[in-house]
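Right, one structure below, let's go through it.
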Amino acid sequence: MDIKAFKMDGLGNDFVIIDQRSQDFNLNKDQIIKVCDRNFIGCDQLILIKKNKEIDADVEFYNSDGSVSGACGNGTRCVADLLSKESGKKEITLLTASGSLKSKILGNNLVETEIGVPKVNWQEIPLSKQLDSQDLKIEIVDRKNTKHTGGTAINVGNPHIIFFVDNIEAFDLQSIGPKIENHPLFPEKCNVTLAKVVNRNLIKVKVWERGAGLTKACGTAACATAAAANINNLVEKTTDIAFALGNLTISIDERNSIHMKGPVSDIKNIDIKL
Ligand SMILES: N[C@@H](CCC[C@H](N)C(=O)O)C(=O)O
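So the sequence shown is residues -15 to 258, counted in my numbering.
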């Protein structure tokens, strides 16, 4: 099978995007895993664009382990940019598994997406039992074997847990990430973020993504971190979330809806032979 696709990224969080409005075929889980494999094409998520008669398009997100995700913040911004460059429209609406998301194309590869109102109720995250999602009291251990207890859980279309710590570099996220992702408290697993509040407008993070592992950035993790930091009264309504390659600006409006603004890469055409 010969597939025409695009490669894009948001701050290094990279995607293979396949436009199925013009190419009609189904990919099975093994083929998705193969495309995402860094020894083949390689990406954190594979994204399918599908026809929608009423809005710009439907999008489906698949992690590199072949699992489905209800949301992908950076992926949504990339697809919005791609469709805007195709149509010339400056506002793009995409239907995802977690709802319809509006993006504004601000020029110079800058895209802002409204992710919506976060869910903090234990059933909505979901957690496997009733607990205070603001402080799950989960223990993580740093490289010096010092124990830290905490974790705020939140769902922004997908489940996240954020640990606010003094030094994100003091932890081995490669080893902590999979343990927390698969913790029995999370029946649908979760994305794991270590966050250091630098000041009331800046948080530095490192993210372990459910189904994809360590990533250079994660849009929904940025949204979840800003929302969790607001719940814990650590930051202002607008805050920057700093990843290794740059920042996303997250704002929470008067309706408690989260807006995520940041850069997307240029679009690269690729051919996939499966
Ligand atoms: N990279 C994404 C998040 C992708 C989905 C996540 N791994 C999940 O399974 O929930 C983003 O930018 O939000």
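All residues carry an ideal CB built from backbone N, CA and C; glycine is no exception.
Buried versus exposed, by CB contacts within 10 Å (16 or more), M(-15): exposed
Beta-carbon proximity check, T246 vs L94, cutoff 9 Å: The residue asked about is misnamed: residue 246 is Gly in this sequence, not Thr. Taking 9 Å as the Cβ cut-off, G246 and L94 qualify as a contacting pair.
Three-state secondary structure (DSSP) of P171: coil
contact_flag[the segment 162 to 174, the segment 138 to 150] where n(CB pairs < 8 Å) is 3 or more: yes
Closer than 8 Å: S260 CB and nearest ligand 1 heavy atom: The structure shown has nothing for residue 260, since the chain only spans -15 to 258.
Sequence-distant residues of the same chain with beta carbon closer than 8 Å to H243, five excluded per side: E96, T97, E98, I99, I234, S235, I236 and D237
I31 vs F45 beta-carbon contact at 9 Å: yes
Alpha-carbon to alpha-carbon, L258 and A206: 34 Å
Check: G(-4) C-beta below 8 Å from any heavy atom of ligand 1: no
Sheet register partners of K180 (DSSP bridge): K188
Beta-carbon proximity list for D3, same chain, < 6 Å, skipping 5 on both sides: I33
Bridge-paired residues (DSSP) for G246: V95
Beta-carbon proximity of D40 to T77, cut-off 9 Å: yes
9 Å Cβ cutoff met for L157 and N58: no
Where the beta strand (DSSP E) containing E165 begins and where it ends: Per DSSP, E165 belongs to no beta strand (DSSP E); it is in the alpha helix (DSSP H), L157 to E165.
Rounded straight-line distance, which links the Cα of D224 to that of L186: 5 Å
Every unbroken alpha helix (DSSP H) inside the segment -14 to 65 [4 residues or more]: 13 to 20
The beta strand (DSSP E) enclosing A226, as first and last residue numbers: T222 to F227
beta-carbon F170 near ligand 1 non-hydrogen atom, thresh 8 Å: no
Under 9 Å between C-beta atoms of S87 and G54: no
G161 beta carbon less than 9 Å from that of W192: yes
Whether K103 touches N151 by CB criterion (9 Å): no
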